[in-house]
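Undergrad:
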Amino acid sequence: MRVSFVSGVRHAGPYLEILRHDPRVELVGVAEEPGVPEWMLRDSQHVARRAETAWLPSVDDALDPDRVDLAFICSEPTRHARLAITAMKRGVNVVVDKPVATTLDDADLVLDAARDARGFCSVINRTHSPALRRTRRYVDAGYLGLPRHLDVEFLASGRHFSTSVERPGLVIDPALSGGGELLNFLGYCVDAVRYLTGLEVESVYAMTGALFGAGHADRGVEDTAVVSLGLEHGVTCTVTVGRVAFAPGLGPTSSSIRLLGSHGHAVVDDDKPAVLRYGGHPALSAHPVGGDGSAVALRLFLDHVVGRAVEGRAPDYGLADARAGLAVIDAAYRSVASRAVCAPAKRGGGTADGAAEGSAAGAGSDAGAARIGVHS
Amino acid sequence: MTPLRVAVVGTGSFAREHVVALSQLSGVRVTHVAGSDLGRAQSVAALAPGAIGTTDIAGTVGLDGIDAVDVCNATPDHKRWVIAAGDAGKHVHVDKPAALTVADFDEMVTATEGRGRTLMVGQTVRFQPVIAELQQQVASGDIGDPKLLHVTWYTGHVWPNGWRGWQLDTALSGGHPVHNGTHSIDLAVWLMNSRPVEVFARQFATFAANMPMPDSFQLLVRFENGSLATLELCYALRQPGEFLRRIVLAGTEATLAHSTEADPGLASPGHPVPPASIEGALAAQLAHWVHSIRTKEPFLVTNRQARAALMTAVAAQQSLDTGQPVQIEQTVAL
Ligand SMILES: NC(=O)c1ccc[n+]([C@@H]2O[C@H](COP(=O)([O-])OP(=O)(O)OC[C@H]3O[C@@H](n4cnc5c(N)ncnc54)[C@H](O)[C@@H]3O)[C@@H](O)[C@H]2O)c1
Numbered sequence: 116m117r118v119s120f121v122s123g124v125r126h127a128g129p130y131l132e133i134l135r136h137d138p139r140v141e142l143v144g145v146a147e148e149p150g151v152p153e154w155m156l157r158d159s160q161h162v163a164r165r166a167e168t169a170w171l172p173s174v175d176d177a178l179d180p181d182r183v184d185l186a187f188i189c190s191e192p193t194r195h196a197r198l199a200i201t202a203m204k205r206g207v208n209v210v211v212d213k214p215v216a217t218t219l220d221d222a223d224l225v226l227d228a229a230r231d232a233r234g235f236c237s238v239i240n241r242t243h244s245p246a247l248r249r250t251r252r253y254v255d256a257g258y259l260g261l262p263r264h265l266d267v268e269f270l271a272s273g274r275h276f277s278t279s280v281e282r283p284g285l286v287i288d289p290a291l292s293g294g295g296e297l298l299n300f301l302g303y304c305v306d307a308v309r310y311l312t313g314l315e316v317e318s319v320y321a322m323t324g325a326l327f328g329a330g331h332a333d334r335g336v337e338d339t340a341v342v343s344l345g346l347e348h349g350v351t352c353t354v355t356v357g358r359v360a361f362a363p364g365l366g367p368t369s370s371s372i373r374l375l376g377s378h379g380h381a382v383v384d385d386d387k388p389a390v391l392r393y394g395g396h397p398a399l400s401a402h403p404v405g406g407d408g409s410a411v412a413l414r415l416f417l418d419h420v421v422g423r424a425v426e427g428r429a430p431d432y433g434l435a436d437a438r439a440g441l442a443v444i445d446a447a448y449r450s451v452a453s454r455a456v457c458a459p460a461k462r463g464g465g466t467a468d469g470a471a472e473g474s475a476a477g478a479g480s481d482a483g484a485a486r487i488g489v490h491s
Numbered sequence: 127m128t129p130l131r132v133a134v135v136g137t138g139s140f141a142r143e144h145v146v147a148l149s150q151l152s153g154v155r156v157t158h159v160a161g162s163d164l165g166r167a168q169s170v171a172a173l174a175p176g177a178i179g180t181t182d183i184a185g186t187v188g189l190d191g192i193d194a195v196d197v198c199n200a201t202p203d204h205k206r207w208v209i210a211a212g213d214a215g216k217h218v219h220v221d222k223p224a225a226l227t228v229a230d231f232d233e234m235v236t237a238t239e240g241r242g243r244t245l246m247v248g249q250t251v252r253f254q255p256v257i258a259e260l261q262q263q264v265a266s267g268d269i270g271d272p273k274l275l276h277v278t279w280y281t282g283h284v285w286p287n288g289w290r291g292w293q294l295d296t297a298l299s300g301g302h303p304v305h306n307g308t309h310s311i312d313l314a315v316w317l318m319n320s321r322p323v324e325v326f327a328r329q330f331a332t333f334a335a336n337m338p339m340p341d342s343f344q345l346l347v348r349f350e351n352g353s354l355a356t357l358e359l360c361y362a363l364r365q366p367g368e369f370l371r372r373i374v375l376a377g378t379e380a381t382l383a384h385s386t387e388a389d390p391g392l393a394s395p396g397h398p399v400p401p402a403s404i405e406g407a408l409a410a411q412l413a414h415w416v417h418s419i420r421t422k423e424p425f426l427v428t429n430r431q432a433r434a435a436l437m438t439a440v441a442a443q444q445s446l447d448t449g450q451p452v453q454i455e456q457t458v459a460l
């Protein structure tokens with residue numbers, strides 16, 4: 116599997132680190148667009164060097180279907196959609212860093228492009244988290260009865276901003292990020308909710324704030340949000356997301372879900388079970404069993420993507436899933452602006468069930484596989 | 127020290143617990159238990175040495191021989207007896223929710239504080255050991271300014287008396303955000319030290335689809351100082367007595383977190399006991415009430431906080447009724 120990167124300014128480091136150790140993967144190199152700011156060029160070159168892969172002369176080289184099977188789009192979010200469409204048009208398989216786009220209109224353009232594309236288009240997500248998959252097995256086994264409510268919390272530590280995010284501007288400068296932490300984090304939460312329940316979000320209300328002084332307030336974007344989701348069949352969901360000073364976990368992020376069912380409840384925590392270590396530096400540290408939850412979820416997803424690509428199939432998470440998440444984010448922002456409950460917009464502005472939207476039409480992909488909740 | 131002579135109004139299950147807790151406090155004597163049913167009043171009175179059971183509630187709260195009245199009957203009658211006791215010059219303790227409307231609560235405050243006596247609302251949760259610790263951490267300033275609160279509160283509980291239970295009737299209980307939500311809303315007001323200005327609520331019924339007062343709901347709250355809270359309440363875990371409560375409070379300098387999942391304690395089928403982090407709250411609450419009456423020290427629960435919380439709870443019920451967010455016009459400072 117020949118893999119290239121188009122831009123490397125956001126998240127490319129960890130993705131490359133995983134892929135370069137995958138024996139099925141041959142890294143072709145990293146490219147950047149002409150005309151980007153100098154720092155983007157430098158950052159992209161830096162990740163290529165770190166991964167000991169080639170610096171490609173142009174994006175054309177990174178998307179050449181004769182030399183590349185799969186391209187990762189790791190630019191700042193506001194370039195995602197355009198670069199993903201360019202890549203699909205060239206005929207390579209595509210994985211876009213999340214969010215797939217920073218506006219719903221752009222996401223729909225990506226979906227349109229996928230319709231005629233030869234390859235698949237998938238988006239980075241956390242649904243391969245072992246804790247999430249385990250809980251899904253409980254749901255599928257009927258142990259919880261029917262889901263009634265989910266509570267999702269995803270918090271990141273602002274105090275780790277300089278080490279957990281390449282450059283704060285990628286998150287807080289709307290010209291680069293397209294929004295604040297709602298756009299950054301809510302998609303993960305919606306993914307988890309759809310993955311666990313198979314239900315779509317029908318209504319959204321959100322409250323946001325720039326509360327923690329990591330620079331969001333200056334840029335006019337939120338660092339914190341509380342969100343209420345109404346799902347199909349009267350199922351409810353609360354979401355608490357933010358870049359607080361310190362996330363309530365021992366890593367840079369913490370993420371947990373509580374799922375209430377008619378016949379039982381379950382707790383998902385990406386960082387538990389864990390072994391605690393007392394002493395050493397720092398004086399107290401947690402060592403999640405199986406490894407850091409975020410890192411494991413990423414590694415397992417990339418492993419899945421490569422495996423599927425080798426088989427000529429699309430990954431189990433497709434554009435329809437990413438669009439569903441973005442539609443909720445979009446509704447959340449509209450509700451903040453209007454102080455009213457908002458419905459996620461369906462494709463084309465119609466009222467058709469958005470979930471029925473086709474998956475990424477990759478050659479040999481099984482049609483249902485790209486939709487979370489249908490995947491076996 | 128002459129004992130503080132307390133009359134208890136109410137003969138239900140919580141009145142019973144009040145009488146037991148009060149009678150174990152030194153310096154307190156429960157003189158009467160007054161309620162609408164004589165047999166029940168007498169059986170509850172029997173829990174306190176020397177206490178008299180009676181149905182003459184009006185006569186009891188006005189007796190010269192008592193100093194204070196503890197009103198812990200069903201919520202719709204709180205107002206009537208708090209005002210009667212205030213009119214008679216007694217110190218009053220009233221169970222949460224203090225009243226079904228803010229206007230009623232204001233009248234109750236006027237009838238007590240307005241006459242130079244006191245009124246304390248029984249916000250029991252504040253007296254749970256873990257909450258006291260959280261508040262101390264906040265008060266120390268070490269976490270900076272509290273900005274984000276997430277309270278998960280799930281328990282296995284069914285209101286007694288089946289479909290006859292007054293709690294199921296939102297006209298009598300105020301609805302779930304008022305009836306039980308005042309616990310976590312009051313907690314939020316206290317910890318965030320700011321007045322809620324917006325609330326959005328959703329609810330669901332786990333046990334019975336047509337339940338007039340669903341067993342579970344969630345609130346999003348925005349405070350005047352910009353901070354935010356997610357408050358979830360579910361009274362429908364499968365096992366009666368089962369309890370999961372998780373609190374995360376993020377401040378500008380540090381984050382506090384506690385979950386009952388981490389409480390060490392008893393595992394013995396058929397013997398549900400409260401987690402160590404919450405035990406002993408009612409006794410601590412009533413001891414505080416008595417102590418503050420004696421010493422004239424301020425109550426931990428101020429009526430301005432209780433008012434802000436009640437206003438929010440009423441707004442939350444309105445949000446449930448309309449499906450829309452409700453902006454709250456707080457008219458009194460904390
Ligand atoms: N602070 C806490 O933690 C806590 C806990 C439980 C109850 N409470 C409060 O204590 C009060 C009493 O609750 P409880 O659990 O003892 O209830 P309960 O149903 O056990 O007792 C209430 C009594 O009032 C009677 N009653 C019912 N409807 C009535 C009406 N419309 N008018 C007058 N009387 C009526 C009932 O027959 C019953 O005897 C309530 O305000 C409740 O919110 C507080």
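So the sequences go chain by chain: A and B.
Quick note, the first sequence lines up with residues 116 to 491 if you use this note's numbering.
Quick note, the second sequence lines up with residues 127 to 460 if you use this note's numbering.
By construction, the Cβ of each residue, glycine as well, lies at the ideal position given by its N, Cα and C atoms.
In this text the structure is predicted, and so the values were computed from the model without any measurement.
1. How about glutamate 455 of chain B: is its C-beta nearer than 7 Å to some C-beta of chain D?
2. May I ask you to list the residues that DSSP assigns as paired with alanine 389 of chain A?
3. Quick test of your reading: aspartate 341 of chain B and alanine 362 of chain B, contact by CB under 8 Å. State the CB separation rounded to the nearest angstrom.
4. Any heavy atom of ligand 1 within a distance shorter than 6 Å of the CB on leucine 298 of chain B?
5. Please work out which residues of its chain come closer than 7 Å, Cβ to Cβ, to valine 495 of chain B, disregarding the five sequence neighbours upstream and downstream, and give them in chain order.
6. When you compare the CB positions of leucine 311 of chain A and valine 238 of chain A, do they come within less than 7 Å of one another, or not?
7. Keeping to the same chain, check which residues put their C-beta closer than 6 Å to that of alanine 174 of chain B; ignore five residues upstream and five downstream.
8. Near glutamine 453 of chain B, which residues of its chain fall below 6 Å by C-beta distance, leaving aside the five closest residues on each side in sequence?
9. Which ranges would you report for the beta strand (DSSP E) in the region 297-344 of chain B if only whole runs of at least 3 residues count?
10. Is any heavy atom of ligand 1 found at a distance shorter than 6 Å from the C-beta of phenylalanine 333 of chain B?
11. Let me check one thing: in DSSP terms, what residues is proline 272 of chain B bridge-paired to?
12. If you run the structure through DSSP and keep just helix, strand and coil, what is arginine 420 of chain B?
13. Does the beta carbon of alanine 314 of chain B come closer than 7 Å to any beta carbon on chain A?
14. Which residues share a DSSP beta bridge with aspartate 203 of chain B?
15. So, at 8 Å on beta carbons, what are the nonlocal neighbours of glutamate 296 of chain A in its own chain, with the 5 sequence-adjacent residues on each side left out?
16. By Cβ distance below 8 Å, which residues in the same chain neighbour glycine 191 of chain B in space, the five residues on each side in sequence not counted?
17. For the alpha helix (DSSP H) containing histidine 419 of chain A, name the first residue and the last one.
18. Quick one: give me the first and last residue of the beta strand (DSSP E) that tyrosine 320 of chain A is part of.
19. For the alpha helix (DSSP H) that glutamate 268 of chain A lies in, which residues bound it at each end?
20. Please check if any C-beta of chain A sits within less than 7 Å of the C-beta of valine 374 of chain B.
21. Are there 16 or more other CB atoms within 10 angstroms of the CB of glycine 395 of chain A, so buried, or fewer, so exposed?
22. Should serine 139 of chain B go down as buried or exposed, given a rule of 16 or more other Cβ atoms within 10 Å for buried?
23. For ligand 2, is there any heavy atom lying closer than 6 Å to the beta carbon of tryptophan 154 of chain A?
24. When DSSP builds the beta bridges, which residues end up paired with methionine 246 of chain B?
25. Is leucine 359 of chain B buried or exposed, if buried means 16 or more other CB atoms sit within 10 Å of its CB?
26. Whole angstroms is fine: what's the gap from proline 451 of chain B's alpha carbon to serine 453 of chain A's?
27. Rounded to the nearest angstrom, what separates alanine 237 of chain B and alanine 297 of chain B at their Cα positions?
28. Ends of the beta strand (DSSP E) at serine 119 of chain A?
29. When every heavy atom of ligand 1 is checked, does at least one fall within less than 6 Å of the C-beta of cysteine 198 of chain B?
30. Do you know whose CA, among B/Glu368, B/Val135, B/Gln261, lies nearest threonine 281 of chain B's CA?
31. Can you pull the chain B residues whose beta carbon is under 8 Å from the beta carbon of tyrosine 320 of chain A, in chain order?
32. Would you kindly work out how many angstroms separate the C-alpha atoms of histidine 309 of chain B and alanine 432 of chain B, rounded to a whole number?
33. Between the alpha carbons of leucine 245 of chain B and aspartate 221 of chain B, how many angstroms are there, rounded?
34. So what does threonine 368 of chain A bridge to, in DSSP terms?
35. Which residues in the same chain have their Cβ closer than 7 Å to the Cβ of arginine 251 of chain A, if we skip the five residues on either side of it in sequence?
36. Please work out which residues of its chain come closer than 8 Å, Cβ to Cβ, to glycine 215 of chain B, disregarding the five sequence neighbours upstream and downstream, and give them in chain order.
TA: The relevant details are as follows:
1. The displayed structure is made up of protein chains A and B, and chain D is not among them.
2. On the first sequence, position 274 is the one that residue 389 of chain A refers to. In the DSSP assignment, alanine 389 of chain A is bridged to A/Pro403.
3. Position 215 of the second sequence, counted from the first residue, corresponds to residue 341 of chain B. Position 236 of the second sequence, counted from the first residue, corresponds to residue 362 of chain B. Indeed they touch by this definition, with Cβ atoms about 4 Å apart.
4. On the second sequence, position 172 is the one that residue 298 of chain B refers to. Yes, Cβ of leucine 298 of chain B sits closer than 6 Å to a heavy atom of ligand 1.
5. A query on residue 495 of chain B cannot be resolved here, the shown segment of chain B reaching from 127 to 460 and no further.
6. Taking the first sequence and counting its residues from 1, one reaches residue 311 of chain A at position 196. Taking the first sequence and counting its residues from 1, one reaches residue 238 of chain A at position 123. No, Cβ-Cβ distance for leucine 311 of chain A and valine 238 of chain A is not below 7 Å.
7. Taking the first residue of the second sequence as 1, we reach residue 174 of chain B at position 48. Within the same chain, Cβ atoms closer than 6 Å to the Cβ of alanine 174 of chain B are found at Val145, Ser149, Val156, the five residues on either side in sequence being excluded.
8. In the second sequence, the residue the question calls residue 453 of chain B occupies position 327. Within the same chain, glutamine 453 of chain B has close Cβ partners Glu324.
9. 322-330
10. Here the question's residue 333 of chain B lines up with position 207 in the second sequence. No, Cβ of phenylalanine 333 of chain B sits at least 6 Å from all heavy atoms of ligand 1.
11. On the second sequence, position 146 is the one that residue 272 of chain B refers to. DSSP, once it has assigned bridges, lists B/Gly377 as partnering proline 272 of chain B.
12. The sequence position of residue 420 of chain B within the second sequence is 294, counting from 1. Residue state, collapsed to three classes: helix.
13. What you label residue 314 of chain B is simply residue 188 of the second sequence in a count that begins at 1. By this cut-off, alanine 314 of chain B is not an interface position.
14. As a position in the second sequence, residue 203 of chain B is number 77, starting the count at 1. Answer is none; aspartate 203 of chain B lacks a bridge partner.
15. Position 181 of the first sequence holds residue 296 of chain A. Once the five neighbours on either side are set aside, the close Cβ partners of glutamate 296 of chain A are Ala271, Val286, His331, Val336, Glu337, Asp338, Thr339, Ala340, Val356, Gly357, Arg358.
16. Locating residue 191 of chain B in the second sequence gives position 65, counting from the first residue. Answer for glycine 191 of chain B: Arg131, Thr157, listed in chain order.
17. As a working mapping, residue 419 of chain A is identified with position 304 in the first sequence. That run of the alpha helix (DSSP H) goes 408-426.
18. On the first sequence, residue 320 of chain A is found 205 positions in, with the first residue counted as 1. Start and end: 316-324.
19. Counting from 1 along the first sequence, the entry for residue 268 of chain A is found at position 153. No alpha helix (DSSP H) holds glutamate 268 of chain A; the beta strand (DSSP E) holding it covers 262-272.
20. Position 248 of the second sequence, counted from the first residue, corresponds to residue 374 of chain B. Yes, contact with chain A.
21. Counting from one through the first sequence, the residue named residue 395 of chain A turns up at place 280. Looking at its Cβ environment, which holds fewer than 16 other Cβ atoms inside 10 Å, glycine 395 of chain A is exposed.
22. Indexing the second sequence from 1 puts residue 139 of chain B at position 13. Exposed is the call here.
23. Among the ligands in the structure shown, ligand 2 does not appear; only ligand 1 can be found there.
24. For the purposes of this step, residue 246 of chain B is taken as residue 120 along the second sequence, with counting starting at 1. Paired residue(s): B/His219.
25. Position 233 of the second sequence, counting from 1, holds the residue named residue 359 of chain B. Its Cβ being crowded by 16 or more others within 10 Å, leucine 359 of chain B is buried.
26. Against the second sequence, residue 451 of chain B aligns to sequence position 325. Against the first sequence, residue 453 of chain A aligns to sequence position 338. Taking the straight line joining both Cα atoms gives about 11 Å.
27. One-based indexing of the second sequence puts residue 237 of chain B at position 111. One-based indexing of the second sequence puts residue 297 of chain B at position 171. When the Cα atoms are used, alanine 237 of chain B and alanine 297 of chain B turn out to be separated by approximately 24 Å.
28. Translated into the one-based positions of the first sequence, residue 119 of chain A becomes position 4. Per DSSP, serine 119 of chain A belongs to the beta strand (DSSP E) from 117-121.
29. Here residue 198 of chain B is taken as the residue at index 72 of the second sequence, counted from 1. Yes, ligand 1 has a heavy atom inside 6 Å of this Cβ.
30. Here residue 281 of chain B refers to the residue found at position 155 of the second sequence. Taking only the C-alpha atoms, the option nearest threonine 281 of chain B is B/Glu368.
31. By one-based count along the first sequence, residue 320 of chain A stands at place 205. Going along chain B in sequence order, the residues near tyrosine 320 of chain A (Cβ under 8 Å) are Phe326, Leu346, Pro451.
32. Position 183 of the second sequence, counted from the start, is the residue given in the question as residue 309 of chain B. Position 306 of the second sequence, counted from the start, is the residue given in the question as residue 432 of chain B. Each residue's Cα considered, the two are about 10 Å apart.
33. Position 119 of the second sequence holds residue 245 of chain B. Position 95 of the second sequence holds residue 221 of chain B. Going by the C-alpha atoms only, they are around 11 Å apart.
34. Taking the first sequence and counting its residues from 1, the one referred to as residue 368 of chain A is at position 253. Bridge partners of threonine 368 of chain A: A/Ala271.
35. As a working mapping, residue 251 of chain A is identified with position 136 in the first sequence. Closer than 7 Å at the Cβ level, and outside the excluded window around arginine 251 of chain A, lie Tyr310, Leu311.
36. Counting from 1 along the second sequence, the entry for residue 215 of chain B is found at position 89. Excluding positions up to five away in sequence, the list reads Arg241, Arg243.
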